[in-house]
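**Q** Below you will find the structure I want to go over with you.
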Amino acid sequence: MLSKEEMKSYLKEHLTESRYNHTLSVVETAIRLAQIYKVDKNKAEIAALAHDIAKNMTIYDLKSIIDENNIKLSYDEEKTPELWHSIVGPIVGKKIFKIEDEEILSAMRWHTTGRENMSKLEKVIYIADMIEPGRSFPGVDLIRKESFNDLDKGILQGLTHTIKYLLDKGFPIDINSIKARNYLVLNK
1 MLSKEEMKSY LKEHLTESRY NHTLSVVETA IRLAQIYKVD KNKAEIAALA
51 HDIAKNMTIY DLKSIIDENN IKLSYDEEKT PELWHSIVGP IVGKKIFKIE
101 DEEILSAMRW HTTGRENMSK LEKVIYIADM IEPGRSFPGV DLIRKESFND
151 LDKGILQGLT HTIKYLLDKG FPIDINSIKA RNYLVLNK
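Each residue of the sequence shown is one higher than the one before, starting from 1 at the first, in UniProt numbering.
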């Protein structure tokens, strides 16, 4: 696997400045959450560094990687290209950063939508992406506060916020987000 400095160098070159800065903030947030919830800090740091590795790729490049790897997109995913970077991210992370750890790759995969029965590392990366200090939206402070007090409650608030936002905008909601929220509600 590449060193963290090599990863940062690659990201600085391949992401927009704002996306790179977001990534560094996600890293800081993920490490803080990992310390609180006894998640491997090294894995959290690597997953946070790599989570948006494919974010600034063109839609054509993303689709090409999806096709080359015979990934079958759900109807929701097919119609929502904004999700493709998280589907392709683990493939690019494996190829470019030489990440082999399945836990890290899975956290990269589910950082956008979440999924039912997430691992602690997946939860840390999902919510760190949402609440990093650069994020500013109505309700983020409450989600931040809750996430540092009770990870599952923070995730539940984050998923609820995202689903409401997508409903209000008339956008499709990925089924994995709904399943993730339902899982947390039903397993409190």
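The beta-carbon is built from N, C-alpha and C at its ideal position, and this holds for glycine as well.
Which two residues bound the contiguous alpha helix (DSSP H) that contains Asp168?
**A** Its alpha helix (DSSP H) spans residues 151 to 169.
**Q** Can you find at least 3 beta carbon pairs, one from the segment 14 to 31 and one from the segment 42 to 57, that sit closer than 8 Å?
**A** yes
**Q** What are the start and end residues of the alpha helix (DSSP H) that includes Ala50?
**A** That run of the alpha helix (DSSP H) goes 41 to 50.
**Q** On the premise that Leu166 lies in contact with Asp173, defined as a C-beta separation below 8 Å, what is that separation, rounded to the nearest angstrom?
**A** A small fix is needed here, since residue 173 is Ile in this sequence, not Asp. The pair is a contact, with the Cβ atoms about 5 Å apart (cut-off 8 Å).
**Q** Excluding sequence positions up to five away, which residues of its chain have a Cβ less than 6 Å from the Cβ of Leu62?
**A** Trp84, Val88
**Q** Taking Thr23 as part of the alpha helix (DSSP H), name the residues at either end of that continuous run.
**A** Thr23 -> alpha helix (DSSP H) spans 17 to 37.
**Q** If you pair each beta-carbon of the segment 12 to 21 with each one of the segment 64 to 75, do three or more pairs fall below 8 Å?
**A** no
**Q** Pairing CB atoms from the segment 36 to 43 with CB atoms from the segment 132 to 143, are three or more of them under 8 Å?
**A** no
**Q** Over what stretch of residues does the alpha helix (DSSP H) that includes His14 continue unbroken?
**A** 4 to 14
**Q** Which stretch, first to last residue, makes up the alpha helix (DSSP H) that contains Gly93?
**A** 84 to 96
**Q** Find the nearest neighbour of residue 196 within the set Ile31, Glu5, Leu2, judged by alpha-carbon distance.
**A** Past the edges of the chain, shown from 1 to 188, lies residue 196, and the structure says nothing about it.
**Q** For Met108, which three-state DSSP category applies?
**A** The answer is helix: DSSP assigns Met108 an H, G or I state.
**Q** Which whole-angstrom value describes the C-beta separation of Asn69 and Ile91, a residue pair presumed to lie in contact below a C-beta threshold of 8 Å?
**A** 6 Å
**Q** Does the separation of the CB atoms of Leu159 and Arg181 fall below 8 Å?
**A** Contact check for Leu159 against Arg181 passes: the beta carbons are separated by less than 8 Å.
**Q** How big is the Cα-Cα spacing for Lys188 and Lys179?
**A** 14 Å
**Q** Comparing C-alpha positions only, which one of Met1, Glu6, Leu33, Glu82 sits nearest to Glu146?
**A** Leu33
**Q** Within 10 Å of its beta-carbon, does Val124 have 16 or more other beta-carbons around it, so buried, or fewer, so exposed?
**A** buried
**Q** Please classify Ile71: does DSSP put it in a helix, a strand, or coil?
**A** coil
**Q** Tell me whether Ile173 sits in a helix, a strand or coil according to DSSP, three-state version.
**A** coil
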